[in-house]
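Since the structure comes first, as C-alpha cells, the remarks are kept for the end.
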Amino acid sequence: MSKQNTPRTVTLIPGDGVGPECINASRRIIEAAGVSLAFEVCEAGESVFKKGIPSGVPQETIDSINRTRLVFKGPLGTPVGYGEKSANVTLRKLFETYANIRPVRELPGVRTPYSGRNLDLVVVRENVEDLYAGIEHMQTPGVAQCLKLISAKGCEKIVRTAFEFARSEGRKSVACATKSNIMKLTEGLLKRTFERIAPEYPDLQAWHVIVDNCAHQLVKKPEQFDVIVTTNMNGDILSDLTSALIGGLGFAPSANLGNEVAIFEAVHGSAPKYAGKNCINPTAVLLSGVLMLRYIGEFDAAQKIEHAVLYTLEQNAAAGKGTGDVVGYDRPNTLSTSAFTDLIIANLGRRAEKFKVRDCKQIKLPRLSSAPEYVKPKSLELAGVDVFLHSPLLPAELGPRLEALAEGTPMKLKIISSRGTKVYPATGTITDCVDHYRCRFMPRQGRDVGDAVLLELLGKLGAGGHRWVHVEKLHRIDGADGFTKAQGED
Ligand code: NAP
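Under our numbering, the letters of the sequence shown match residues -17 to 472, in that order.
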C-alpha cells in the first residue's frame, strides 16, 4: 500500500498517437504495485490544436497542473516545420521544468551492439532555454534567425541539478558537454558555470567534453559516461543517441524537473504509425512513471516495478518473446502491449537475477533566488552597435555608402559580415553573400557611447535608403567584451 494516507493527485495527460496505450498500461502497473494515486485526466496536444487553441494546452490543464504540481503524460504530436508550437515544450516551459533527466541502462534480452557492456548513464538536459526559447524571426525574406538564449542562472540550475542527481543515485562522475569552442559566450557560459560549481562536489569526478566528440565517444566507448549535463539542443540529440544504445526509444524514460512542478514522460513521440494497434512498447512511459514514484518518495514501489520490468524482460529473453521493437512486429513470438503489461503485473514482487536496480535517494533540487537580476556587474559600458541590414548590394558597394553616411557622427563602420564572416573591408576570400549584412559600428573615440548616438546613426541609415532589420547593442561587461568577433575580424 501507499505510504500516503490521502492519495497523491496527479495530472494525467494520455496524449496523442500511442500515448493513451502506453499511459493506460503504465497506470495499470503502478496501481497493481499498490501505489494509490488520484488522477485528474486532462487534454493537451493534437485534440486541443484541433479545437483552435494554438498553444495546445487548454486552461483546464494548466489549472490542474497548478493544483497537482505533478504530471504523468503520454507524448503529444507536434506539426513538423509549420503550424503551432510544440505543446510539450510549452508545458515544460510554462511550469519552468528546467531539468530534463534522461536515463538509459542496458536491459535484459534487449540485444544491441553494446549488450554485455553494462551501460547505465544519464543525460541531464537543460530544458527551457537555448534554441528552444523558440524566438525565431525572418530577418529578411531570405534569412531566418533563431535566438540561442542561455542564462547564467539557467546554467547554475542545470549544473547543480546534474551534480545533485548524480549524488542521489550514487553515481561517480559528471561530464559537461558543450560546443564552447565555437559558441564561446552561450555554450561557454555552461562550461564556465560547470567549472565554477564542480569543486563544491569533490565526491564526483567532473570533466568537460566538446559535444561532437561526446557523440563520437558515446558510440565508441559509452561506458566511460555516467552523468552528462548539456544544453537543451545538444541534450535533445544526445539523449536520442543514448536511447538507441540500449535498444531504442521504447525503453527511454524522462523526468522534467522544476522547483514547483515535475512532468514525467517518455523520450519518444506519438509514433503515429503504431497508434491504436496494441503493439507499442510501453516501457519508456512506465519507467517515466517509476521516476515519478521516486520523485514523490515511493521508493519501494519504484523498485518493485523496475525489478518486475527487468524480470519480465529476462523471462521474455529466455522464451524468445518480446514487444515488436525487440523481436519484430507480427511474429508468432511478438507480445502485444497489453500482454506485456499483464506479464509485468504478474511479475510484481519478483526480482531480476542478473540485472540490478539502483538504490536511489530523493534528489535535492537547487533553490536559486527568483529575483530577475541574478548577475550584477560592476560596470556596463555601451561599446558599439551591430546593425543588421536587409540589402541587395554587394559589400564593396554597401561599405563605402555606410562609411559616407557615418561621416560626421561619433561612430565609424568597422566591418560588415555575411552570416558571421567578414566581407568588408574585403579579405580577398570567397564568402558568399545573401540579402542580410551585419554592420558593426564602433565609436571613433572613447568607449561608452549613449543611446542618442545610436539613434542618430540609425536615423541616417534609414534616411540613406538602407532597411535595418535588427539592432544589437555591443556591451563591455566588467571590462570584457560581451560580444564576439566575426570570422576574419581583428
Ligand atoms: P517518435 O514518435 O518518437 O517515433 C519514432 C520511432 O521511434 C518510431 O517510428 C519507432 O521506430 C520508435 N518508437 C517510438 N516510440 C516507441 C515505442 N514506445 N516502442 C517502440 N518503438 C518506438 O518520433 P517521430 O515519429 O519523429 O514523432 C512523432 C510525433 O511525436 C511528432 O509530432 C513529434 O513532434 C512528436 N514528439 C513528441 C514528443 C513528446 O511528446 N515528448 C517527443 C518526440 C516527438 P520504428 O519506426 O523503427 O519502429
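Here a beta-carbon is modelled for each residue, glycine too, at the ideal position from N, C-alpha and C.
- Taking the Cβ of G240 as the reference point, every heavy atom of ligand 1 lies at 6 angstroms or farther away.
- Per DSSP, N298 is one residue of the alpha helix (DSSP H) stretching across F281 to A301.
- For the pair D222 and G230, the Cα-to-Cα distance works out to about 8 angstroms.
- With distances taken between CA atoms, E88 lies nearest to S97 out of Y80, S97 and N82.
- For the pair E22 and C342, the Cα-to-Cα distance works out to about 28 angstroms.
- No heavy atom of ligand 1 is found nearer than 6 angstroms to the CB of T50.
- Its Cα nearest to that of L362, the residue K455 stands out among L295, K455, C421 and V339.
- Beta-bridge partners of F370 (DSSP): R420 and H452.
- At the C-beta level, L172 and C196 stay beyond 7 angstroms of one another.
- For L58, same chain residues with a beta-carbon under 6 angstroms away, outside a window of 5 residues either side, are G(-3), D(-2), A26, G27, A69 and N70 in chain order.
- Relative to ligand 1, even the nearest heavy atom lies 6 angstroms or more away from the CB of N82.
- A direct Cα-to-Cα measurement between I210 and K259 gives close to 35 angstroms.
- Scanning its chain for C-beta atoms nearer than 7 angstroms, with the 5 sequence neighbours on each side dropped, one finds around N82 the residues R107, N109, G217, S236 and N238, in chain order.
- Going down the chain, each residue whose beta-carbon is closer than 5 angstroms to a heavy atom of ligand 1 shows up: P57, L58, G59, T60, N70, L231, G232, H250, G251, S252, A253, I262, N263 and D307.
- Non-local beta-carbon contacts of K161 in its own chain, meaning distances under 6 angstroms to residues more than five positions away in sequence, involve E169 and V193 in chain order.
- Shown here for Q285: same chain residues with a beta carbon closer than 6 angstroms to its own, the five before and five after excluded, namely V339 in chain order.
- Residue pairing from DSSP places E363 in a beta bridge opposite R458.
- Relative to the Cα of H418, the nearest Cα in the group S150, H448 and V(-8) belongs to H448.
- The continuous beta strand (DSSP E) containing H190 extends over residues Q187 to I192.
- The residue from L317, P2 and I398 with its alpha-carbon nearest to that of A301 is L317.
- Annotation: the stretch 3 to 52 contains the following complete segments of the alpha helix (DSSP H) (minimum length 4 residues), in chain order: 28 to 32 and 41 to 50.
- Around the beta-carbon of G366, 16 or more other beta-carbon atoms lie within 10 Å, marking it buried.
- Listed in chain order, the non-local C-beta contacts of T294 below 8 angstroms within the same chain comprise F322, L325, I326 and N329, local neighbours out to five positions each way being set aside.
- The beta carbon of I398 sits closer than 8 angstroms to those of P377, L380, G381, L384, K404, V405, Y406, Y419, R420, C421 and R422, all from its chain and outside the five residues before and after it, given in chain order.
- Note that the stretch 37 to 53 touches the stretch 243 to 250; at least 3 beta-carbon pairs, one per stretch, sit closer than 8 angstroms.
- Beta bridge pairing from DSSP links F246 with F54 and A237.
- With 16 or more other Cβ atoms from the protein chains shown falling within 10 Å of its own Cβ, L227 counts as buried.
- DSSP, reduced to helix, strand and coil, places V106 within a strand of the structure shown.
- Between T122 and G232 the beta-carbon gap is near 43 angstroms, outside 8 angstroms, which marks them as no contact.
- The C-beta of N298 has 16 or more other C-beta atoms within 10 Å across all chains shown, which makes the residue buried.
- Inclusion of D312 and N214 in the CB contact set at 7 angstroms is not warranted, their separation being larger than that value.
- Bridge pairing for S399: K404 and R420 [DSSP].
- Per DSSP, the unbroken beta strand (DSSP E) holding I210 starts and ends at V209 to T212.
- For the pair T79 and G240, the CB atoms are nearer than the 7 angstroms cut-off.
- Comparing C-alpha distances from K130 to each of T175, L186, I117 and R142 shows the shortest one belongs to I117.
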